[in-house]
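What follows is one structure encoded as structure tokens, with my remarks underneath.
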Amino acid sequence: TRELFNFLPLSNKEQGSVIRENDDSPDRLVHSLDTVVPLESTAAYDMKEVIHAIVDAEDFFEIMPEFAKNIIIGFGRMNGRTVGIVANQPKVAAGCLDINSSVKGARFVRFCDAFNIPLLTFVDVP
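See below:
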């Protein structure tokens, strides 16, 4: 619970997201992204590798990881600012959304909106 609160503002009335100092440059090159997506269009990959590669210090806090695994939701930081992340998971059901994953994603988007947290989305479905 403490880790989650580190990503959130103190109240929904704050206008900015929580900023944490870090050593990751926003201009850094992430060479692992060159190979994470397989050349075969039918091959699956782990979207969490992409998320961990782009967020500051590879710090990603996933929400509800065991429910509706075909969608990933959680918090990370980019250039020190908290962002909400919503991503399809190609490793599970080819990332296709169903009722449970749609509800999971929608609730998270509403939560981020309530706290003025910007969203980053990753979409890869057949």
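Taking the numbering used here, I'd label the letters of the sequence shown as residues 1360 to 1485.
No residue lacks a Cβ here, since even glycine has one placed at the ideal position from N, Cα and C.
Starting from residue i and walking both ways along the alpha helix (DSSP H), at which residues does that stretch end?
i: Ile1476; result: Where Ile1476 is concerned, there is no enclosing alpha helix (DSSP H), given that its DSSP letter is neither H nor E.
i: Glu1492; result: This structure gives no information on residue 1492, because the portion of the chain shown stretches from 1360 to 1485.
i: Arg1361; result: Arg1361 to Phe1364
i: Thr1394; result: Leu1392 to Val1395
Report the CB separation of residue i from residue j in whole angstroms; it is logged as a contact under 8 Å.
i: Ile1422; j: Ile1432; result: 5 Å
Quick one: what's got a C-beta closer than 7 Å to residue i's C-beta in the same chain, skipping five residues either side?
i: Val1389; result: Ala1412 and Ile1413
i: Thr1383; result: The identity of residue 1383 in the sequence shown is Asp, whereas the question assumes Thr. Excluding sequence neighbours, Asp1383 sits near Asp1415 and Ala1416.
Rounding to the nearest angstrom, what Cα-Cα distance links residue i and residue j in this structure?
i: Val1482; j: Leu1369; result: 30 Å
i: Cys1455; j: Leu1478; result: 20 Å
i: Glu1425; j: Thr1480; result: 20 Å
i: Asn1475; j: Ile1410; result: 21 Å
i: Ile1444; j: Pro1397; result: 22 Å
i: Ile1430; j: Lys1450; result: 10 Å
i: Thr1494; j: Asp1405; result: Nothing in the structure corresponds to residue 1494, since the chain is present only between 1360 and 1485.
i: Arg1361; j: Glu1408; result: 24 Å
i: Phe1419; j: Asn1381; result: 14 Å
Report the option in the options whose CA atom is closest to the CA atom of residue i.
i: Asn1447; options: Leu1398, Cys1471, Thr1441 and Ser1460; result: Ser1460
Let's see if you can read the secondary structure: which residues bound the beta strand (DSSP E) around residue i?
i: Val1482; result: Where Val1482 is concerned, there is no enclosing beta strand (DSSP E), given that its DSSP letter is neither H nor E.
i: Val1445; result: Arg1440 to Asn1447
i: Glu1421; result: Phe1419 to Ile1422
i: Ile1431; result: Ile1430 to Met1437
Which same chain residues end up closer than 8 Å to residue i when comparing Cβ atoms and leaving out the 5 residues on each side of it in sequence?
i: Pro1385; result: Met1437 and Asn1438
i: Val1468; result: Gly1443, Val1445 and Leu1478
Ordered along the chain, which non-local residues of its own chain (more than five positions away) have a Cβ less than 6 Å from that of residue i?
i: Ala1427; result: Asn1459, Ser1460 and Lys1463
i: Ala1473; result: Asn1371
i: Asp1457; result: none
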